[in-house]
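Q:
In the working numbering, the protein residues as written are 196 to 291.
#1: Return the chain-ordered list of same chain residues with a C-beta closer than 7 Å to the C-beta of residue 261, the five sequence neighbours on each side being excluded.
#2: Determine the DSSP secondary structure at residue 263, reduced to helix, strand or coil.
#3: Determine the direct distance from the alpha carbon of residue 291 to that of residue 276, and round the result to whole angstroms.
#4: Using CA coordinates, which residue listed in 206, 255, 207 and 288 is at the minimum distance from residue 220?
#5: Taking the alpha carbon of residue 211 as the reference point, which residue from 232, 285, 236 and 248 has its own alpha carbon closest?
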């Protein structure tokens, strides 16, 4: 999900996990993100309510962006489906 957002937006970070091209739930799902200040936050499915299972094999996190700059995020699946995906987005500096 590359894109540009403003401070105060809530972009949805989403991942699909597939096994043999069929949506499948991993045994565990981890979501990591790094804000422009370099702080890394880790969320685990089943522990952190912000990491949501939308349906089989589809997970998302809605991030509240509160600082301008480049944000990075990564989903990691393990067990049944071992896969990872990463992306980034930019948050603009406010002119006000």
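For each residue, glycine too, the CB sits at the ideal point set by N, CA and C.
A: Put simply:
#1: Residues of the same chain with a CB within less than 7 Å of the CB of residue 261, apart from the 5 flanking positions on each side, are 202 in chain order.
#2: coil
#3: 45 Å
#4: 255
#5: 248
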